[in-house]
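Protein chains in written order, with my numbering: chain A, 1356 to 1560; chain B, -17 to 183.
The structure appears below as structure tokens.
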Amino acid sequence: MPSYKLVYFDLRGRGEIVRLCFNAAGVAFDEERIDYPSAWTEEKKAAAPFREVPYLEIDGKKFAQSGAIASFIARQYGLYGDSALENLFIDGVVALSVDYFDTWVRAYFEEDANKKVELETKLKNEDLPKFLGHLEKVLTNSGSGFFSGQRLTLADLAVHHTLEVSYRDFPDIYANYPKVVENRKKVESLPRIKSYLSSRKVTEI
Amino acid sequence: MPTYRLHYFDVRGRGEVARLMFNAAGQKFDDVRYTKDTWPDFKPKTPFGQLPVLEVDGKLFGQSGAIFNYLARELGFYGNGNMEALQVDVVMGLVNDFIPLMIKVFFQEQDETKKKELLEKLLNEDATKFFTYFEKVLKENKSSEYFVGKGLTMADIVVYDIVDPLIAHKATIVDPFPLLKANRQKVESNPGIAAYLKSRK
Chain A
1356 MPSYKLVYFD LRGRGEIVRL CFNAAGVAFD EERIDYPSAW TEEKKAAAPF
1406 REVPYLEIDG KKFAQSGAIA SFIARQYGLY GDSALENLFI DGVVALSVDY
1456 FDTWVRAYFE EDANKKVELE TKLKNEDLPK FLGHLEKVLT NSGSGFFSGQ
1506 RLTLADLAVH HTLEVSYRDF PDIYANYPKV VENRKKVESL PRIKSYLSSR
1556 KVTEI
Chain B
-17 MPTYRLHYFD VRGRGEVARL MFNAAGQKFD DVRYTKDTWP DFKPKTPFGQ
33 LPVLEVDGKL FGQSGAIFNY LARELGFYGN GNMEALQVDV VMGLVNDFIP
83 LMIKVFFQEQ DETKKKELLE KLLNEDATKF FTYFEKVLKE NKSSEYFVGK
133 GLTMADIVVY DIVDPLIAHK ATIVDPFPLL KANRQKVESN PGIAAYLKSR
183 K
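Below, the structure written as structure tokens:
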């Protein structure tokens, strides 16, 4: 087993998918959690492959990009599907989640107060329902409670961390997406995920 | 081999990397292109109301990133093994970080003055930042001719495709990056890609 060390900020953000993958797979990993922004120094940036986090050290070699890291762990430790077409489907759900996450990031970090209100309103009234609608449809077609096949895959984990903020902030919306809620609860009931979430540090994002 | 049909608009955009990979591999595919008039009828049939869509033996799959990953794996452009796949994905990730900067300039910014400002920033500051990263990855790869391993992968093709429109705006943009420049020539020397580029409008 290689030695793994995740370097990211002390929050969920774009690092959480990596943590979820390792935990779901039952694979041990070390972590460096950088306080943002106070500890995000020039020295830390220079240590990163492309001056950003997360990056994963695998036996000392550094690899950036959360999507690349998550896919690697999923492939390595059985969180993908059983066929190329199933993996194409799983990657589609993951990519959809990243699209929504990126839209949320743009709204959350918008500095212009008026623009921020505009973006957050659009997020809540358009982007989120659209995204949840797609997920509800996929889960309805799946029938297993998981996004693909009969078991947990990267798709379930990607959706879980992506919906964390909106699930907390807009619980009422979720009444219209029962299968999404069911999937969330199902994922959280899996022993390794349950254990991880029960001890996970609570952060704003 | 399955029957492939790529559904996209009649532009390069988020479909071109798939077209390049099909051509590089010499893999036959239906290149379906939608216009403003023909898109509305197809939209409700797509998985997520968007293009591109890849049709594999009649089944429809959405999301360009997912489609590219699948084609790269099927057509042999993902390197060898999980570590090389990770390296290809790292380059994909970098390109995906750069794309929004291009979209903002070319498609979103309406104010002409702001647009000119952003274009300047894109062609100078942003391009320098990302091309430096690309150059770094090429340098760190033993062969240095390709981004990953010893041969053409999706990483080379994706970077090639994203740099193209920038060269149109600033012909010398790749010149300060010798490995990147040489890599472009390597991509263009693939027979399938060379033939496709000749015929591409």
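Where a beta carbon is used, it is the ideal one built from N, C-alpha and C, also for glycine.
So, does the CB of residue i fall closer than 8 Å to a CB anywhere in chain B?
i	result
A:Pro1419	One detail in the question is off: residue 1419 of chain A reads as Ala in this sequence, not Pro. Yes, contact with chain B.
A:Asn1442	yes
A:Arg1388	no
A:Gly1561	What is shown of chain A runs 1356 to 1560, which leaves residue 1561 of chain A out entirely.
A:Arg1374	no
A:Arg1369	no
A:Gln1505	no
A:Phe1501	no
A:Gly1433	no
A:Gly1422	yes
A:Leu1518	no
A:Ala1402	no
A:Ala1380	no
A:Phe1405	yes
A:Ala1315	Beyond the ends of chain A as shown, which are 1356 and 1560, falls residue 1315 of chain A; an answer cannot be given.
A:Phe1377	no
A:Ser1358	no
A:Ser1426	yes
A:Arg1539	no
What residues are listed by DSSP as bridge partners for residue i?
i	result
B:His(-11)	B:Val14 and B:Val35
A:Phe1444	None, per the DSSP bridge assignment.
A:Tyr1359	A:Ile1413
B:Lys41	B:Val38
A:Ala1419	A:Tyr1410
A:Phe1364	A:Ile1389
Keeping to the same chain, check which residues put their C-beta closer than 8 Å to that of residue i; ignore five residues upstream and five downstream.
i	result
B:Asp(-8)	Arg15, Tyr16 and Thr17
A:Tyr1455	Asp1482, Leu1483, Phe1486 and Thr1517
B:Gly(-3)	Leu(-12), Tyr(-10), Phe(-9), Leu33, Pro34 and Ser46
Does residue i have its Cβ less than 8 Å from a Cβ in chain A?
i	result
B:Asp71	yes
B:Gly75	yes
B:Gly47	yes
B:Phe43	yes
B:Tyr128	no
B:Tyr115	yes
B:Leu68	yes
B:Val38	yes
Give me, in chain order, the residues of the same chain whose beta-carbon lies closer than 7 Å to that of residue i; leave out the 5 immediate sequence neighbours on both sides.
i	result
B:Thr28	Val35, Leu42 and Gly44
B:Leu83	Leu104 and Asp108
A:Phe1384	Tyr1359, Lys1360, Leu1361 and Phe1377
B:Asn123	Phe129 and Val130
B:Val119	Val73 and Phe129
A:Glu1475	Ala1462
B:Gly61	Ala67, Gln69, Val70, Val130, Gly131 and Thr135
Using C-beta distances below 6 Å, list every residue in its chain close to residue i, excluding the 5 sequence neighbours before and after it, in chain order.
i	result
B:Tyr115	Leu76
A:Lys1541	Gly1500
B:Asp143	Glu(-2) and Val(-1)
A:Gly1381	Arg1547
B:Pro(-16)	Val38 and Asp39
Please identify, using Cβ separations under 7 Å, the residues of the stretch 1480 to 1493 of chain A that lie next to chain B, in order along the chain.
Under the 7 Å Cβ criterion, the stretch 1480 to 1493 of chain A contributes His1489.
Please list, in chain order, the residues of the stretch 51 to 66 of chain B that have any C-beta partner in chain A closer than 7 Å.
Asn51, Tyr52, Arg55, Glu56 and Asn64
Residues, ordered as in the chain, of the stretch 15 to 31 of chain B that lie near chain A by beta-carbon distance below 9 Å
So the close ones are Pro29, Phe30 and Gly31.
Counting Cβ pairs, one atom from each stretch, are 3 or more of them under 8 Å apart for the stretch 1515 to 1535 of chain A and the stretch 1363 to 1382 of chain A?
Output reads yes: the stretch 1363 to 1382 of chain A touches the stretch 1515 to 1535 of chain A.
Are the stretch 1503 to 1517 of chain A and the stretch 1424 to 1435 of chain A touching, with three or more C-beta to C-beta distances below 8 Å?
yes
Meets three-Cβ-pair contact criterion under 8 Å: the stretch 125 to 138 of chain B and the stretch 163 to 172 of chain B
They touch, by the three-pair rule.
Does the stretch 148 to 158 of chain B touch the stretch 100 to 111 of chain B, meaning 3 or more C-beta pairs lie closer than 8 Å?
yes
Cβ pair count under 8 Å reaching 3, the stretch 1419 to 1427 of chain A against the stretch 73 to 91 of chain B:
Yes, the stretch 1419 to 1427 of chain A touches the stretch 73 to 91 of chain B.
Would you say the stretch 1531 to 1542 of chain A touches the stretch 1494 to 1505 of chain A, given that touching needs at least three Cβ pairs under 8 Å?
yes
Three Cβ pairs or more, each shorter than 8 Å: is that satisfied between the stretch 126 to 134 of chain B and the stretch 90 to 99 of chain B?
No, the stretch 126 to 134 of chain B does not touch the stretch 90 to 99 of chain B.
Whether or not the stretch 1457 to 1469 of chain A and the stretch 1403 to 1410 of chain A are in contact is what I'm after, with contact meaning three or more pairs of Cβ atoms, one per stretch, closer than 8 Å; do they touch?
no
Taking only beta carbons into account, state which residues of the stretch 127 to 148 of chain B come closer than 9 Å to chain A, listed in chain order.
The stretch 127 to 148 of chain B vs chain A, Cβ under 9 Å: nothing.
Closer than 9 Å, Cβ to any Cβ of chain A: which residues of the stretch 153 to 168 of chain B, in chain order?
Those residues of the stretch 153 to 168 of chain B that come within reach of chain A (Cβ to Cβ, closer than 9 Å) do not exist; the list is empty.
Residues from the stretch 77 to 104 of chain B in contact with chain A, defined by Cβ distance under 9 Å:
Of all residues in the stretch 77 to 104 of chain B, only Asn78, Asp79 and Pro82 place a beta-carbon less than 9 Å from a beta-carbon of chain A.
Count the CB pairs spanning the stretch 1441 to 1451 of chain A and the stretch 1377 to 1396 of chain A that are closer than 8 Å, and state whether there are at least three.
no
Members of the stretch 1447 to 1470 of chain A near chain B, C-beta cut-off 7 Å
Gly1447, Ala1450 and Leu1451
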